[in-house]
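Numbering-wise (the working numbering), the sequence shown opens with residue 13 and increments by one. Quick reminder that beta carbons are idealized off the backbone N, C-alpha and C, glycines included. Just so we're clear, the structure is a prediction, and the values are computed from it rather than from any experiment.
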Amino acid sequence: MVADLGLDKSLLTKLFPQPQNAEEWLQYALSEGQVRHFKEHGFLHKVRLLNEEQLNALRNQL
Numbered sequence: 013m014v015a016d017l018g019l020d021k022s023l024l025t026k027l028f029p030q031p032q033n034a035e036e037w038l039q040y041a042l043s044e045g046q047v048r049h050f051k052e053h054g055f056l057h058k059v060r061l062l063n064e065e066q067l068n069a070l071r072n073q074l
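Shown next as structure tokens:
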């Protein structure tokens with residue numbers, strides 16, 4: 013029988029670590045300028061979402 017991973021709430025990989033506290037979450041916070049730009053234009057640019065290790069792992073899977 014195959015496990016339904018959609019029902020599993022745990023992380024499947026260590027490639028995308030979950031921040032453990034408010035301080036760790038702050039690295040993902042948008043600046044006031046970014047929020048203002050998004051509200052005005054509806055998009056953001058030059059926002060880094062993945063690090064090099066994550067990008068390389070995803071590229072290798074494509």
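Beta-carbon proximity check, residue i vs residue j, cutoff 8 Å
i   : j   : result
S66 : L56 : Residue identity check: residue 66 is Gln in the sequence provided, not Ser. In this structure, L56 does not lie closer than 8 Å to Q66 by Cβ.
P31 : W37 : yes
L24 : L17 : yes
A69 : L27 : yes
Among the options, nearest to residue i - alpha-carbon criterion
i   : options       : result
L61 : A15, A41, E35 : A41
Where the alpha helix (DSSP H) through residue i begins and ends
i   : result
R75 : Because the chain in this structure spans residues 13 to 74, residue 75 falls outside the shown range and cannot be described.
L74 : No alpha helix (DSSP H) contains L74, which DSSP labels as neither H nor E.
Original post:
Enumerated in chain order, which unbroken segments of the beta strand (DSSP E) with a length of 3 residues or greater are wholly contained in the region 15-50?
Top reply: none
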